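Numbering follows the UniProt record's numbering, in which position 124 of the sequence shown is assigned residue number 124; successive positions increment by one, without gaps.
Written below as structure tokens is the structure these notes are about.
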Amino acid sequence: MASNNKDSQLMIALKDIVAGSIGGVGQVFTGHPLDTIKVRLQTQSVGNPIYSGTMDCLKKTISQEGFAGLYKGVASPLVGLSIMNSVMFLAYGQSKTLIQKLSDNPNEALDLKGLTAAGALAGIAIGFVDAPVDLFKSQMQVQQGDKNQYKSTADCAKQIWKVGGVRGVFQGLGATLVRDIPANACYFGAYELCRDFLASKDNISVNQLSSLQIMAAGGAGGVSYWTLTYPADVVKSTMQTDAIVKSQRKYKNMIDCASKIYKQQGIAGFYKGFTPCFIRSVPANAACFVLYEKARQIMS
């Protein structure tokens, strides 16, 4: 009996890993162009900005670099998000199981408080994968025109490792965790809440939801993720596009970075690039969740 239970838990974990990876690929291809716009707007100079807004950044990027410019740095999240989403869904699933076992009613489904707690725990695991992936991606995305420090994502990773070793690869880790822990609590909480609402409204189980309904719930999760934690993402991106040589960096740590952003730009500085990010959050996360759920159903 114990052996069967272990086999069952292992299969659930494997399904989360494979389905999460598939969802990650869909998320990257759907959302990366707007992510590039977001990062460029977040990190451009305050005194001499290159772009006046989302559409201006989009037009200039395509004009100067072609459509390929929108996919700069895509190799890092394509590999990284596949791994990250595998870790994310695995960690979330295992966290739900753990919290359920520790609850007063282990045979009952988790309430919203339990689901958000599981999302927060998953955010800790994700942060350690997310930090280097976002570092390589962001360093690549802010390269413009022909003046490229890095030939490829692999070259970027190699140079950062050569200069800073493990600490260099995890540049901006603290800010990443500050974003990822509450963000994933909101992300999974909103997704599960919306999914349960849609199922109860039609008097069906969550496994009977249509692809469109799953996409709607995924989009709600994405909006929740970014709306509540966007300022932390601005700090993270600013730190991760800073110099890779420690002595040349503008910011000592995330507190110093946040205080300088506020001093120079006020509250508005923490919402630079929010428009493309908000637009991206719906289709990218809709694609992620529908591919994840459908892949899991196929494997079942």
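Even for Gly, the Cβ is constructed at its ideal location relative to N, Cα and C.
Remember, predicted model here, so these are calculated numbers, not experimental data.
Next on the checklist: Just to confirm my understanding: we take valine 74, look at its own chain, exclude 5 residues before and 5 after, and list those with CB closer than 6 Å. What are they?
Outcome noted: By one-based count along the sequence shown, residue 74 stands at place 74. Take valine 74, set aside five residues on each side of it, and the residues of its chain with a beta-carbon closer than 6 Å to its own are His32, in chain order.
Item to check | Contact between the stretch 85 to 92 and the stretch 17 to 25 (3+ Cβ pairs under 8 Å) | outcome: With a cut-off of 8 Å, the stretch 17 to 25 and the stretch 85 to 92 count as touching, because enough Cβ pairs lie within range.
Item to check | glutamate 192, DSSP secondary structure in three states | outcome: As a position in the sequence shown, residue 192 is number 192, starting the count at 1. The answer is helix: DSSP assigns glutamate 192 an H, G or I state.
Next on the checklist: Here's a check: name, in chain order, each residue in its chain whose Cβ is nearer than 7 Å to the Cβ of glutamate 192, leaving out the five neighbours to either side.
Outcome noted: Here residue 192 refers to the residue found at position 192 when the sequence shown is read from its first residue. Apart from the 5 residues on each side of it in sequence, glutamate 192 sits with its Cβ closer than 7 Å to the Cβ of Leu115 in its chain, given in chain order.
Checklist entry - Run through DSSP, which three-state label would alanine 243 get? => result Within the sequence shown, numbered from 1, the residue matching residue 243 stands at position 243. Alanine 243 falls in the coil class under three-state DSSP.
Checklist entry - Is the beta carbon of cysteine 277 less than 9 Å from the beta carbon of aspartate 233? => result Reading the sequence shown from its first residue, position 277 is the one you call residue 277. Reading the sequence shown from its first residue, position 233 is the one you call residue 233. Taking 9 Å as the Cβ cut-off, cysteine 277 and aspartate 233 qualify as a contacting pair.
Checklist entry - Excluding the five sequence neighbours on either side, which residues of its own chain have a C-beta within less than 7 Å of the C-beta of proline 77, listed in chain order? => result Residue mapping note: residue 77 aligns to position 77 of the sequence shown, counting from 1. Same-chain partners within the cutoff: Val28, His32, Val133, Lys137.
Checklist entry - For glutamate 108, does the three-state DSSP call read helix, strand or coil? => result Position 108 of the sequence shown holds residue 108. Coil.
Next on the checklist: Can you look up phenylalanine 270 in the DSSP assignment and give me helix, strand or coil?
Outcome noted: The count along the sequence shown starts at 1 and reaches residue 270 at position 270. If DSSP states are grouped into helix, strand and coil, phenylalanine 270 belongs with the helices.
Next on the checklist: Can you check which of these residues, Ser237, Gly273, Met239, Gln213, is closest to alanine 287 by C-alpha distance?
Outcome noted: Reading the sequence shown from its first residue, position 287 is the one you call residue 287. Selection Ser237, Gly273, Met239, Gln213 evaluated against alanine 287 yields Gln213 as nearest (Cα-Cα).
Checklist entry - Taking C-alpha atoms, which residue in Gly189, Lys250, Ala220 lies nearest to aspartate 111? => result As a working note, residue 111 is residue 111 in the sequence shown. Of the listed residues, the one whose Cα sits closest to aspartate 111 is Gly189.
Checklist entry - Ordered along the chain, which non-local residues of its own chain (more than five positions away) have a Cβ less than 6 Å from that of valine 223? => result Counting from 1 along the sequence shown, the entry for residue 223 is found at position 223. Within the same chain, Cβ atoms closer than 6 Å to the Cβ of valine 223 are found at Ser281, the five residues on either side in sequence being excluded.
Item to check | Cβ shell of arginine 249 (< 7 Å), same chain only, five flanking positions each side left out | outcome: To locate residue 249, count along the sequence shown from 1; it is residue 249. Non-local C-beta neighbours of arginine 249 in its own chain, meaning closer than 7 Å and more than five positions away in sequence, comprise Asp242, Ala243, ordered along the chain.
Checklist entry - Ordered along the chain, which non-local residues of its own chain (more than five positions away) have a Cβ less than 7 Å from that of glutamine 141? => result Along the sequence shown, one-based indexing puts residue 141 at 141. Residues Thr36, Val39, Arg40, Lys72, Gly73 of the same chain have their beta carbon placed closer than 7 Å to that of glutamine 141, with the five preceding and five following residues left out of the count.
Next on the checklist: Comparing C-alpha positions only, which one of Leu228, Ala199, Lys252, Ser210 sits nearest to asparagine 184?
Outcome noted: In the sequence shown, counting from the first residue as 1, residue 184 sits at position 184. Checked all of Leu228, Ala199, Lys252, Ser210; the closest Cα to asparagine 184 is Leu228.
Next on the checklist: For leucine 209 and lysine 147, I'd like the C-alpha separation in whole angstroms.
Outcome noted: Position 209 of the sequence shown, counting from 1, holds the residue named residue 209. Position 147 of the sequence shown, counting from 1, holds the residue named residue 147. Rounded to the nearest whole angstrom, the C-alpha separation of leucine 209 and lysine 147 is 49 Å.
Item to check | Distance, valine 169 Cα to isoleucine 160 Cα | outcome: Reading the sequence shown from its first residue, position 160 is the one you call residue 160. Reading the sequence shown from its first residue, position 169 is the one you call residue 169. Roughly 6 Å separates the two Cα atoms.
Next on the checklist: Just to check my reading of the structure: glutamine 139 and cysteine 156 have Cβ atoms closer than 8 Å, yes? What is that Cβ distance to the nearest angstrom?
Outcome noted: As a first step, residue 139 must be located in the sequence shown, where it is residue number 139. As a first step, residue 156 must be located in the sequence shown, where it is residue number 156. Their Cβ separation, rounded to whole angstroms, is 5 Å, which keeps glutamine 139 and cysteine 156 in contact under 8 Å.
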